[in-house]
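Down below is the structure, laid out as structure tokens.
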Amino acid sequence: MLCQQDYLLHFHTLDAVLTQQQALWQPRAFYQSQVAWQQQHPQLFTALLALSDQQVEQLSQNNAQRLQWFSHYLPDSCQQLACFEPPSLSATSADISPFKTVAIPGRKLAQILAFSQALPDSPNSLIEWCAGKGHLGRTISNLTQQTVHCLEFDRQLCDSGQQLAHKHQADLHFHHQDVLQALPTQLQGPQYDHIGLHACGQLHIQLLTTACQQQAQHITLSPCCYHKIAAEIYQPLSPAAANSALQLSRQDLQLAQEETVTGGQRIHNLRYQEQLWRLAFDELQQALSGQHSYQPLPSISKKIFSGTFHDFCQWAAKHCQLSLPQTLDAPRYLAKGEQRLQQVRRLDLLRQLFKRPLEYWLVLDRILFLYQQGYQAQLLQFCPSSTSPRNLLISAKRQTVQ
């Protein structure tokens, strides 16, 4: 079991390489026709562009293979990036009736059961943050007979969750609550343990700070969506991170989330088409405007990608205040977009090399914060990445003062 000094050492190692190599992972090839590191690492640039589609797919999905491949070109950096790998939680079967889990999608259920196994034995009632319909809390209540209080901002989800709890005889109580505000009076105090499965950015930071303020005996958290924060620049939690020279924007933080392992083939295909059309239109807008820089487009409903490329260009041109030509040579620009996308997918592998280490940096910041607040904390992988790419779990217990 690692101690505070172990986590601090790993943090400083990751912090050093992430800071020194910012030029390799902060720029996004999708938005640039040329990458700044090409001149410094010409052999790496050439080798990336020579990769086959199959190699690209393998390296994008497998962190260990990615490290091994890049170690031929960046040996020192790869050695530092590989300094830390949290232990995996041993899987055990949960004794729960299928009838009580019928409302939970399969992969979500696997995540919930794995998370539940990481919970400490405790007589305390639980507070589940960002509970949704309470699938996690309901499962835990049925497994342990603990009382669970669910905090959820969406009134409809509260009502649906309470109905499911009643149907499956779970001791669950919903609270329509903005979790960024103070806890309800009746839920304050150290007699509650706090839990959160895939709680987003600012919300899970609020969970941690609130639970510490309440002197909760146990905190169990799986963080998610690190970029969904209140400030433009990440505000560190621990002294170690506060002393770092690393300045992380929301765009930088998005790197830790860029993974679609659980999306399925349809999601992969849709994402590929969206990237292709956006790059193809960018080729078109550069030709029309005479500007040679990427023009960002806002998010839009995925329904547009079930239409035609011409329809997409009409929407995008309106946003950019451009007039489309009467005759649009769609095949030409789609071919240009395809060529750019193939290059982007290869060059972006370098950025992905730093994806998991950046996530470790962020979670270690939370671990070190908990130690500072009087907790003994552990970092674990609670399920395989195939079940959820966001498989890191923080388990913290308040240390008693002698």
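Residue numbering for the sequence shown follows my numbering, starting at 10 and increasing by one per position.
Just so it is clear, CB atoms sit at the ideal spot from N, CA and C, and this is done for glycine as well.
Just so it is clear, the structure is predicted and the values come from calculations on it, not from any experiment.
According to DSSP, residues forming a beta bridge with residue i
i    : result
D202 : L135
H227 : K406
Y384 : R407
V209 : Contrary to the premise, residue 209 reads as Cys rather than Val in this sequence. Its beta-bridge partners are C233.
C159 : E137, F183
I376 : DSSP, once it has assigned bridges, lists no residue as partnering I376.
Q171 : Partner(s): none; Q171 has no beta bridge.
Q390 : S97, L401
S9   : The structure shown does not extend to residue 9, since the chain is modelled only from 10 through 411, so no value can be given for it.
Alpha-carbon to alpha-carbon, residue j and residue i
i    : j    : result
E283 : L17  : 41 Å
Q256 : Q387 : 26 Å
L331 : F290 : 11 Å
Q226 : I403 : 14 Å
D163 : C139 : 9 Å
S308 : Q348 : 23 Å
P340 : W324 : 18 Å
Q351 : D338 : 21 Å
S315 : L279 : 9 Å
Q335 : Y342 : 15 Å
L55  : L359 : Before going further, note that residue 55 is Thr rather than Leu in the sequence given. Cα-Cα distance, rounded: 13 Å.
M10  : Q390 : 14 Å
R365 : V65  : 17 Å
H203 : P114 : 24 Å
Beta-carbon separation (whole angstroms), residue i vs residue j, contact threshold 8 Å
i    : j    : result
C92  : L23  : 7 Å
H213 : R399 : No, H213 and R399 are not in contact; Cβ-Cβ is about 11 Å, not under 8 Å.
Y201 : I136 : 5 Å
S80  : V26  : Actually they do not touch by this definition, with Cβ atoms about 13 Å apart.
A265 : L367 : 5 Å
L189 : Q215 : 6 Å
Buried versus exposed call for residue i [16 or more other C-beta atoms within 10 Å across all chains shown]
i    : result
K327 : exposed
H144 : buried
N151 : buried
C475 : A question about residue 475 goes unanswered here, because the residues of the chain that appear run from 10 up to 411.
G273 : exposed
R355 : buried
V44  : buried
Q411 : The predicted model places Q411 with a pLDDT of 49, which falls under 50 and marks its position as unreliable; any figure quoted below should be read in that light. Result: exposed.
T110 : buried
S298 : exposed
E161 : buried
S276 : The question names Ser, but residue 276 is Ile in the sequence shown. Result: exposed.
At which residue ranges does the region 18 to 46 contain complete beta strand (DSSP E) runs of 3 or more residues, listed in the order of the chain? none
Ranges of the alpha helix (DSSP H) found wholly within the region 271 to 347, counting only runs of at least 4: 273 to 298, 318 to 328
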